[in-house]
Each structure stands twice: as C-alpha cells, then as structure tokens.
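Per this note's numbering, residue 5 is the first one in the sequence shown, and the count goes up by one each step.
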Amino acid sequence: MFNKETINKFKTIPTPFYYYDLEVLKQTLQKLKEESDKYGFIVHYALKANANNAILEIIKSYNIGADCVSGNEVKKAVECNFKPEHIVFAGVGKSDAEINYALDNDIFCFNCESLQELEVINELAVSKNKNASIALRINPNVNANTHKYITTGLEENKFGINIWELETVVNTLKGLKNLQLIGLHFHIGSQIMDLGSFKSLCLRVNEIQNWFASRNITIENINVGGGLGVNYHEPDANLITDFAAYFKLFNDFLELRPKQKIHFELGRAITAQCGTLISKVLYIKKGVNTNFVILDAGMTELMRPALYQAYHKIENLTSACSSMKNISAPFGEGNGLKYDVVGPICESSDCFGKAVSLPETIRGDIFALRTAGAYGEVMSSAYNLRDRVKAVYSDKI
Ligand code: LLP
Numbered sequence: 005m006f007n008k009e010t011i012n013k014f015k016t017i018p019t020p021f022y023y024y025d026l027e028v029l030k031q032t033l034q035k036l037k038e039e040s041d042k043y044g045f046i047v048h049y050a051l052k053a054n055a056n057n058a059i060l061e062i063i064k065s066y067n068i069g070a071d072c073v074s075g076n077e078v079k080k081a082v083e084c085n086f087k088p089e090h091i092v093f094a095g096v097g098k099s100d101a102e103i104n105y106a107l108d109n110d111i112f113c114f115n116c117e118s119l120q121e122l123e124v125i126n127e128l129a130v131s132k133n134k135n136a137s138i139a140l141r142i143n144p145n146v147n148a149n150t151h152k153y154i155t156t157g158l159e160e161n162k163f164g165i166n167i168w169e170l171e172t173v174v175n176t177l178k179g180l181k182n183l184q185l186i187g188l189h190f191h192i193g194s195q196i197m198d199l200g201s202f203k204s205l206c207l208r209v210n211e212i213q214n215w216f217a218s219r220n221i222t223i224e225n226i227n228v229g230g231g232l233g234v235n236y237h238e239p240d241a242n243l244i245t246d247f248a249a250y251f252k253l254f255n256d257f258l259e260l261r262p263k264q265k266i267h268f269e270l271g272r273a274i275t276a277q278c279g280t281l282i283s284k285v286l287y288i289k290k291g292v293n294t295n296f297v298i299l300d301a302g303m304t305e306l307m308r309p310a311l312y313q314a315y316h317k318i319e320n321l322t323s324a325c326s327s328m329k330n331i332s333a334p335f336g337e338g339n340g341l342k343y344d345v346v347g348p349i350c351e352s353s354d355c356f357g358k359a360v361s362l363p364e365t366i367r368g369d370i371f372a373l374r375t376a377g378a379y380g381e382v383m384s385s386a387y388n389l390r391d392r393v394k395a396v397y398s399d400k401i
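Structure, rendered in structure tokens:
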C-alpha cells in the first residue's frame, strides 16, 4: 500500500499521525455503490467509525446517507451537507436535547430502542407540532459470532426492543399520534466475517415481517444495520471487502414486500482499510524473555488492541523501504526476531502485539499499524494528557 516515496515523506512528518489513503477510500466506495446499486439498496455510512470532515466529504459525494448515534453526529452530518432525508439516528440513550435537534432538522428516521423512548419522542414532537418518522429497532436474537463487546443482537444485550415486547409496543404506538412507523431496524454486531450470520438475520427478519403482515401493519423500510467485517490479518489481500457476496446474500434471502426498501448502515467496511496509524520507534528495550519496541503511539491513539484484544497488522516501514522489499511481502521473514510492540502509556494493556515477527528494529524506525481507518482516530483520547492525534491525507503530502 505504501511506496518508497510515501514512506520517505512519512519520515518528515511529526509522529504519531493517522494517514488516510483517499484513493483506497474512493475505490472502496466505487465498489460499494456498484454492488448495492445492482439491487437498489440504500446505504448509510455509520459516522461512528470515522467522522473526519475530509472522509465525510468523499463519502457524501457517492450519494450515501448518514447513520448517527448521537446528537453531535447528527449535527456533523447536517453540517457536512448530508441531506436530512438521508439521516438516521439510533442509540439506546437519546437525550431530549438530541431528539429535539433531530426533530428540528427533519431527519429521515429515529431508530427507536425502547417503549419509553417512543413516548418521549412523541411528547417532544407534540410540543413542536411535528411528526417524527420512526423505525422500531428489534433485537433479533441472532448470534453474530464476533467479539462479545461488539455483539449487539442477542437478548442479553442492551440494544433494541425484544420480540416479546412487540405486541405492547404496537398497541402503544396507536396512541402516539405524532409518531409515524416507517420501518424496522436490526443490527447484530460488528466485524462479522461469517456471512452465515447475515443469512440467519435475513431469515429472522422474514419471520418478523410475517408477524407485522398478520396484523395488517405496512412497513416501508427494512434497515438491516451494518457489521460487515474486513481483513485485519492480511489487509493487502483484501483492501476492499467482498461487497458483492454481502449484498447478494440479502437479495437472495430477504423476502421483501411490494415497494419495500432495504437500508444498510456500514461503517468499518467503508473506512477501515484506508487508514493507518503511523508511529516512530522511541526505544528498544531488552526484557526478560522478550525485546520491547516502544512506539510513540499508544492506546491513546489506537485503543482497539487494549480494549478488545484486537489485531492490527504491524509493519516496520523503514526497513521495508531500505531493503526495497515488496511492501506486501511478509516482513522480517527468516531473521527470527520477535518483539513485543508497546506504547508509552502507563498501562500494561498498552500493547499492540506480543512476539511480533519483525526485521531488526532500531530507534527512529517508522512503523505502520494497518486497518485503522475505522474505530481508530474516533476512539482516541487525551489520557495521560497526550496531544490529540493528527490526521494526514494522501492528497496533501
Ligand atoms: N449500525 C448500528 C446500530 C451500530 O451500532 C453500528 C456499530 C453500525 C451500524 C456500524 O457497524 P460496522 O459496519 O462498522 O460494523 N468500536 C468497535 C466497533 C463498535 C461498533 C458499534 N456499532 C470496534 O472498534 O471494533
């Protein structure tokens, strides 16, 4: 993904920083549109994955909507000129101020997660003399077979309305005159690599649709959420995830009613591979059974490994560049050196990888932590009073 010229430029920029390859982003979006347009599917980008203006500008230009989970994300989408009729707003804990902001901006749909939330949105809509379009987020009790912290569609999770509550919800809705039920919403989890989980979701949605049809309730929109995974282990082998298989599966297994539209909310699959965290080696330190590479980036810049034991491929770009190896070839092969790659933060969990095979590494080498464009920069923090991490874009270096 990086040529020699780019790596040499990295050496002149203060580290750590996120590097975004906008060509990779555009190619990803091109493929996404091509495959979703085949079936007339509507895609919303989940801003929570990465909400940088430069990234959002490009995403919006592909005529993609916005999926938001906070009032500030709705605000950001509005400011970045996503059309209000392309904005959806989910989340188990929407505050009154957030709901009011979304009502004032006439967003397309609130994805509602509880009975009480429906009552509150209705009350606030009444006081503004407005109607709010809502979708019921239903917990489908489908296992996403992914990390437990990013599983959302099981009964034990806090998300969505459980199936056994539907009867009460539908009856209550009859009395909430300023709400208009326009859809059903589902989301089973994130980083899902097993497409079988999405098939299970489709089959469950079909059953739930039957339930609504048997009560003569017309549903115009089915929103199946996001969750499509990416290849963290070999990013260069799959820079663009398999959108063709993903969308085909929904086309094959979801039974749509006449005029129904399908919506998706993808985050990771759109932005993960275009982003890389670039860092410099501060020190090499000998441990008891290992050597440590101490980077100038830590869990404050990329929290996923500390939080979910997530894997990000680690590459020594300096040695790749000087040996003029093909960057996509495995680095350090044959020299048998293994390092624990850690950050500078005062926490033992501040570790990006244990016993990582690398070429001999020295102070000053430039490292890449790959596949960091989604849930990387957005989850960074100022813990230890660290400076906020910067972003560098491929069209500006
Ligand atoms: N829709 C809803 C309702 C969601 O909760 C999410 C993600 C998405 C869409 C987008 O999912 P995606 O296509 O990106 O998988 N911080 C975690 C991921 C949390 C995902 C939360 N919800 C991580 O770093 O892996």
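From the three backbone atoms N, C-alpha and C, an ideal C-beta is built for every residue, glycine too.
Would the beta-carbon of residue i be found less than 7 Å away from any heavy atom of the ligand LLP?
i	result
S118	no
E319	no
S137	no
R374	no
S74	no
Q195	yes
K358	no
Y23	no
E269	yes
G69	no
M303	no
L232	yes
K52	yes
L236	Checking the sequence shown, residue 236 turns out to be Tyr, not Leu. Result no, Cβ not under 7 Å from the ligand LLP.
M5	no
H90	no
At which residues does the beta strand (DSSP E) containing residue i begin and terminate?
i	result
G187	183 to 189
D71	69 to 72
T280	279 to 290
A50	46 to 50
K358	355 to 361
E319	318 to 320
A345	In the sequence as presented, Ala is not what sits at residue 345; that position holds Val. It spans 342 to 346 - the beta strand (DSSP E) in which V345 sits, taken as one unbroken run.
K394	394 to 397
L373	370 to 373
F296	295 to 299
Quick check: what's the CA-CA separation for residue i versus residue j?
i	j	result
S201	I244	20 Å
T172	I68	34 Å
N115	A248	27 Å
A395	K134	40 Å
A378	P363	27 Å
P334	I226	Unreliable positioning characterises P334 in this predicted model, as indicated by a pLDDT of 47, which lies under 50. A coordinate reading is not provided.
N388	P20	15 Å
N57	N85	11 Å
I331	D240	Only weak support is given to the placement of I331: the predicted model assigns it a pLDDT of 47, under 50, and the value that follows is read from those uncertain coordinates. When rounded, the distance between both Cα atoms is 9 Å.
G338	S361	For G338, the predicted structure reports a pLDDT of 41, less than 50, and the residue's modelled location is therefore unreliable. The matter cannot be settled from this model.
A70	R374	25 Å
S384	A376	11 Å
G44	E259	15 Å
T32	G380	18 Å
A324	I196	31 Å
Smallest Cα separation from residue i: which of the options?
i	options	result
V382	N166, N76, I62	N76
N293	I91, F247, D344, L260	D344
A53	G187, C72, N143, I186	C72
G97	A70, I125, F112, K80	I125
R390	S323, A314, M303	M303
K284	C325, I366, L270	I366
A217	P262, Y397, V360	P262
I63	E269, I221, S137	E269
Y287	T280, G279, T275, D300	D300
N147	L140, M5, N161	N161
L199	R219, L183, G231	G231
From what residue to what residue does the alpha helix (DSSP H) around residue i run?
i	result
N214	199 to 218
L33	26 to 41
G75	75 to 83
E171	170 to 179
Y105	100 to 108
S65	57 to 65
K162	From DSSP, K162 is part of no alpha helix (DSSP H); its letter is neither H nor E.
S131	119 to 131
Here's the rule I'm using: 16 or more other beta-carbon atoms within 10 Å means buried, otherwise exposed. How should residue i be labelled?
i	result
G229	buried
H237	exposed
S352	exposed
Q404	Because residue 404 is not part of the residues shown, which for the chain are 5 to 401, the question remains open.
C206	buried
I401	exposed
G336	Note that G336 scores 41 on pLDDT, short of 50, meaning its location in the model is unreliable; the coordinates nonetheless yield the value given after this. Its Cβ being crowded by 16 or more others within 10 Å, G336 is buried.
P18	exposed
C350	exposed
E305	buried
Cβ-heavy atom distance between residue i and the ligand MN below 7 Å?
i	result
A94	With respect to the ligand MN, the structure offers nothing, as its ligand set consists of the ligand LLP.
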